[in-house]
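In terms of the working numbering, the numbers along the sequence shown are unbroken and rise by one, the last being 714.
The C-beta atom is built at its ideal place from N, Cα and C for all residues, glycine as well.
Nothing here was measured: the structure is a model prediction, and the numbers come from that model.
Heads up: the structure comes next, in structure tokens.
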Amino acid sequence: MKKALKDLSADPDVLAIYLAGSLAKGNYDHYSDIDLHTIVISERKADFLKGKREIANNWGMFHFTKTTILLHRMS
Numbered sequence: 640m641k642k643a644l645k646d647l648s649a650d651p652d653v654l655a656i657y658l659a660g661s662l663a664k665g666n667y668d669h670y671s672d673i674d675l676h677t678i679v680i681s682e683r684k685a686d687f688l689k690g691k692r693e694i695a696n697n698w699g700m701f702h703f704t705k706t707t708i709l710l711h712r713m714s
């Protein structure tokens with residue numbers, strides 16, 4: 640997650656990054672994933688997603704949706 644946060648924080652199109660789900664609520668377990676949400680400039684969303692898909696190979700397992708990057712906990 641540190642690599643993802645570093646990359647996302649450096650992106651000028653990212654307006655906010657926040658944690659959601661069980662980890663944010665404090666009721667996570669060994670099988671929980673990490674729900675990391677980003678808010679990006681609307682006009683740049685397509686380019687943001689394209690670019691992040693390319694560099695996210697360094698982040699470990701991940702899944703993208705329209706506005707969410709879901710990082711899976713690595714053991």
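Report the rounded CA-to-CA distance for residue i versus residue j, giving the unit in angstroms.
i	j	result
M713	K689	Unreliable positioning characterises M713 in this predicted model, as indicated by a pLDDT of 43, which lies under 50. A coordinate reading is not provided.
A718	Y657	The structure shown does not extend to residue 718, since the chain spans only 640 to 714, so no value can be given for it.
L644	A659	14 angstroms
Looking at residue i: is its Cβ nearer than 8 angstroms to the Cβ of residue j?
i	j	result
D652	I680	yes
I678	A655	yes
N697	K642	yes
Run through DSSP, which three-state label would residue i get?
i	result
H680	The question names His, but residue 680 is Ile in the sequence shown. Three-state result, I680: coil.
E674	The amino acid occupying residue 674 in the given sequence is Asp; Glu does not appear at that position. Note: D674 maps to strand in three-state DSSP.
Checklist entry - Below 8 angstroms, can you find three or more Cβ-Cβ pairs linking the stretch 686-693 to the stretch 655-674? => result Touching, no, given that fewer than three Cβ pairs across the two stretches are closer than 8 angstroms.
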